[in-house]
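For the protein sequence lines, the chains are A and B, in the order given.
Letter by letter, the first sequence follows residues 1 to 895 of my numbering.
Letter by letter, the second sequence follows residues 1001 to 1120 of my numbering.
Written below as structure tokens is the structure these notes are about.
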Amino acid sequence: MSSAVLLIILSGYLALLFFVAHWAEKKGNIRWTNNPYVYSLSLAVYCSAWTYYGSIGLAANSGLGYLPVYVGPVIIIPAWIILLRKVIRISRINKISSIADFISLRYGNSRFLGALVTLIVLFGVLPYIALQLKAISETFHVVTNTTESTNFIYDTTTYVAIALALFASYYGTRYVDASQKRKGIVTAVAMESVLKLFFFLLLGLYVTFYVFDGFDDITQKAAQLEGYAQKNTVGGIPEAINWFFLCLLSLFAIFLLPRQFQMSVIENNREHHLKTAIWLFPLYLLLFNLFVYPIAWGGNILFEGQGVNPDTYSLMIPRIMGNPVVTVLVFLGGFSAAISMIVVSSISLSTMLSNNILIPYGFLGALQSSDEETNSKRIVNIRKIGIFSLVIASYIIYKGLVLDYNLVSIGLVAFVVIAQLAPSFFGAILWRRGSRNGAVAGITGGFLVCTYTLLVPYATGVAKMGGSIITEGPLGVTLLKPFSLFGLDYLTPVPHALFWSLLVNIFLYMAVSVSFKGNYRERNYAEMFVDIDRYINMHEKAFIWKGTAYTSDIEKVLKRFLGEERTKRAMNIFNLKYNVDKDQELADARLVKFAENLLTGHIGTASAKILIASVVKEEKITLPEVLKILEESKENIIINKKLTETSNELQKITAQLKEANEKLLWKDRQKDEFLDTVTHELRTPITAIRAASEILHDDDEIPEELKKQFLQNIITESDRLNRLISLILDLEKFETGRQDINLSQNDLEHTVNKALEPLQQLIANKNIHVVLNTSGSTEACYDEDRIVQVVTNLLANAIKFCPEQNGVIKIAIKGNKDILTTTVEDNGKGIAPADTELIFDKFYQSNNQNIKKPVGSGLGLAISRQIIERHNGKIWAENAEGSGARLIFTLPKNL
Amino acid sequence: MKKILIVDDEPNIVMSLEYTFKKNNFEVFIARDGQEALDILKSHLPDVIILDVMMPHVDGYATLEQIKKEERLSGCRVIFLSAKNKENDIEKGLALGADLYMTKPFSIKKLIEQVNELIT
């Protein structure tokens, strides 16, 4: 393929990247960018070009050696839910923007430690970035089948590097506050993660099933090759120890690599995204490794004895098979892997560089302007230049230095350098006694050891050429041989260096921490880091500070970096959160911490402390004092917690009271309605009586027959009145529980007939056909008079609702072992479904207050319910099939 | 002969009213709820309607609302006759456009007087 075509494809791809980043930064697309899958996929920035090409090289050269780099992370990732969550919380509330900031803050805002960490990281990562550029360049030439040009003007990598530098410096510095999320970058990286995996799997399938005939075919053919069996075993104990250290190394890397810290901690939007990441990310790594083995050995088979660099197998195989599409796709996958690593690494490195070296050691003076915009612009420019120069520096390393090691060895060297941060980092969240001096001593010591055992031999090239220093030791002192220090000769150089450097590092870190007292700030932050869950909501309160400070001075400093508007807003939030009067002149520890926090994202922890310290007068506090205050604040927090609990309880009780009150009010209303109903019910017969009486009294010409009828009406209505009064009294008695029931053994069939008896006339008048069915034993223990009353009410109801013609009432009594169920069914209009429950309510007025109850007195069903419930039975209504209502009650046989 | 429509669901009350108005030379129509009343009004045009409030299916207020919608019935005088005697019940009845609101129990003599007064 010609260089020009590939360049056009590359430019198109980079344009797509810009577009995705640009799209993701738009507010409307937050749903797509702020989700656990994007987060999990962005973590796959771990898989750089080294993974993409180097794993294959390693697998082809030395068998299973490529695995530990993935096994390590997979082992530790489940623990993220505890460890990483803690780091995320600490970083979020303290507005931490890099691993250097994290370590520097924990050890008392130490400016020196922040700078040291930054330097270590630079040492490890710059060559690593250079390595990615090298991978891009080499693979470009493999695809185009050209040779590298030493003239940088004709070298494509130059332009790629410049494009990436521009991309990263533009999207990496959208906000002055470095702890802000970079949605554009994260989304672009997540997309690249998908692409690189997809292209890699595509290649795997292509090699396994197209070039060869499946896994078996490759295995069989590979088994013929020299050294196959030996390369594909873990080996003896020494090999296992090598494995162990490599796993440990990559386990550290997944936490400590600046790009991993950036993606997993700084760019984490929601803690719960971790829940997805802990399965999705290991799955991703697994998928990525699925085809490493077949591609590597497929390459070994195809290129046996041809001296092809195994790192380029993934491109060479499709190329010699004459498939340019697969070749280009694989190249794009590798390109994605490389550039996402370069972009994220350079952003995090530049943040560290600006916030932990440049600003605290030099430019803080340059940020004296009282205008927020000027300061912000300066900070952003520092970072932009930082990112740009980092990428260019890497380019120079790639161009200028001899990087003739394979991808894996340089990657692992970078890992060992970064691993020097492990003791201080894990100590920071797990061990309160860890001190700044311990961290400085440990990191320095470890770094020196690894310089001697790894960096120097690799940088000077003796590692490859095998100079006398490697074989015989410096000046012939065999104990000091860099690759087998003190006679430790069964470890390969990388695990060997890791072992010695970590040993020295941990020893110094712990020994110095235990032997020398740290200052009070370290101890304060130790408490806040280790016990983050306790302080998460009140971390300003856990900050100890003594001295004199004026709110106005602090505000002035804040304004220089946040601007007038945001400072005002921040102060408002602070005053609200801690219930502080806004005219408070003197600032307290909480405000000092709050202000430092606000500045941290902009200029780093160390500078934030220096800036605030410049406007306040701090008094020295002794360590014992700090410990005492911490103890007290712990107690305070416990008391606070208890107070919160009590107040929660109070709130609950208040809610309960409110509810009870509402119930009472409701009952009151119900009572009023009941009284209304009752008066209405009582007035109706009185009205009839009065009208009839008046006619009889005034009218002498009234015919005899009518006179009798009116008199009969008076009698009927008087009886009705009397019944009503008894009913009301009964209801009242049942409700207040004062009504006794006289239980005796009875037969319900007999009771129903007893109730039917007085109604016969009414039934005959309306021509209703009554059917009574029983099944099982109908005997039970109940108050017969009361149940007669219930059945009468149900029957009266049914009679009322039966149609004028062909009325049918079906009564059924079913007895089983424990319960008697009685059903009274009519063939009338039925009950509105909404009313089936309400008709038993004594206050029932349907939905409309002026619609009369379907049941005569309106109280009959209410009292029936009281009676049945007093017998521990149930009563309800439903609509029968077809038409009609069905009223059902149950009675337990033995009460 | 003047026409009167009595709307009430209590048969014994209706009976007294029917007797009284017949005796006073009214043609009497009877409905047991609002719906029946509205049905009767489709084919008859009474001079006076005596309307109970609490009735099954369609109550007196709703019945009056329907009556007021009919231009044809605008000449009908409407008297509420109800056991609901609270002030807001009465106010509601009058606000709906009833000519009179009388509470139960009532005096027959007074009712006749009021009706006669309304239609002359």
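Idealized CB from N, CA, C, for every residue including glycine.
Owing to the predicted nature of the structure, the values given are computational and were not obtained by experimental measurement.
Proximity of Phe1106 (chain B) to chain A, defined by a Cβ-Cβ separation below 9 Å, is satisfied. DSSP, read as helix, strand or coil, puts Ser97 (chain A) in coil.
Distances from the CA of Phe291 (chain A) to each of A:Leu249, A:Phe363, A:Leu201, A:Leu257 were compared; the closest alpha carbon is that of A:Leu201. Within chain A, no residue has its CB atom less than 9 Å from the CB of Ala1031 (chain B), the nearest being about 14 Å off. Those residues of the stretch 689-708 of chain A placed with their C-beta closer than 9 Å to a C-beta in chain B are Ile689, Arg690, Ala691, Ala692, Glu694, Ile695, Asp698, Asp699, Glu701, Ile702, Leu706, ordered along the chain. When the five nearest sequence neighbours on each side are left out, the beta carbons in the same chain lying within less than 7 Å of the beta carbon of Lys609 (chain A) are those of Asn109, Glu596, in order along the chain.
Met1102 (chain B): member of the beta strand (DSSP E) spanning 1100-1103, first to last residue. Taking C-beta separations shorter than 7 Å and ignoring five residues to either side along the sequence, the partners of Glu522 (chain A) in its chain run Tyr107, Gly108, Ser435, Arg436, following chain order.
Residues Ile799 of the same chain have their beta carbon placed closer than 7 Å to that of Leu762 (chain A), with the five preceding and five following residues left out of the count.
Around the beta carbon of Arg383 (chain A), a 10 Å sphere encloses 16 or more other beta carbons of the protein chains shown; the residue is thus reported as buried. Where Thr823 (chain A) is concerned, there is no enclosing alpha helix (DSSP H), although the beta strand (DSSP E) around it starts and stops at 819-826. Burial is judged here by how many other beta carbons sit within 10 angstroms of a residue's own beta carbon; Thr51 (chain A) has at least 16 and is buried. Per DSSP, the continuous beta strand (DSSP E) segment holding Ala1031 (chain B) begins and ends at 1026-1031. Assigned with DSSP and collapsed to three states, Pro1056 (chain B) falls in coil, not helix or strand. Beyond the five residues adjoining it in sequence on each side, Phe388 (chain A) comes within less than 6 Å, by CB distance, of Ala165, Ser169 in the same chain, given in chain order.
Of all residues in the stretch 1006-1034 of chain B, those with a C-beta nearer than 8 Å to a C-beta of chain A are Asp1009, Glu1010, Asn1012, Ile1013, Met1015, Ser1016, Leu1017, Tyr1019, Thr1020, Lys1023, reading in chain order. By alpha-carbon distance to Gly828 (chain A), the top candidate from A:Leu887, A:Gly776, A:Trp243, A:Lys817 is A:Leu887.
In this structure the stretch 234-246 of chain A lies against the stretch 61-76 of chain A, because at least three pairs of beta carbons, one per stretch, are closer than 8 Å.
In this structure, Asn269 (chain A) sits near Lys181 (chain A), with a CB-CB distance shorter than 9 Å. A direct Cα-Cα distance of roughly 23 Å separates Ile162 (chain A) from Gly411 (chain A).
A:Leu706 is the residue among A:Leu17, A:Tyr458, A:Leu706, A:Gly12 whose C-alpha sits nearest the C-alpha of Lys1023 (chain B).
Residue-level contact by beta carbon fails for Ile868 (chain A) and chain B, as no gap is shorter than 9 Å.
Between Glu717 (chain A) and chain B, the shortest Cβ-Cβ separation is below 9 Å. Non-local beta-carbon contacts of Ser40 (chain A) in its own chain, meaning distances under 6 Å to residues more than five positions away in sequence, involve Thr276, Ala277, Leu280, Phe281 in chain order. Per DSSP, the unbroken alpha helix (DSSP H) holding Thr716 (chain A) starts and ends at 704-735.
Not a single CB atom of chain B sits nearer than 9 Å to the CB of Thr836 (chain A).
Residue environment analysis places Leu650 (chain A) among the exposed positions, since fewer than 16 neighbouring C-beta atoms fall within 10 angstroms of its C-beta. Taking a contact to require three or more Cβ pairs closer than 8 Å, the stretch 292-306 of chain A and the stretch 215-222 of chain A qualify as touching. For Arg886 (chain A), the uninterrupted beta strand (DSSP E) run begins and ends at 885-892, by DSSP. Here Ala812 (chain A) is bridged, per DSSP, to A:Asn773, A:Thr823. For Asn746 (chain A), the uninterrupted beta strand (DSSP E) segment begins and ends at 744-747. Assigned with DSSP and collapsed to three states, Val308 (chain A) falls in coil, not helix or strand.
In this model, Phe123 (chain A) and Ile639 (chain A) are separated by some 48 Å (Cα to Cα). Gly1075 (chain B) is positioned such that its CB atom lies closer than 9 Å to that of Leu1045 (chain B).
Among the bridge pairs identified by DSSP, Glu618 (chain A) is matched with A:Gly547. For Met1001 (chain B), not one C-beta of chain A is nearer than 9 Å to its own C-beta.
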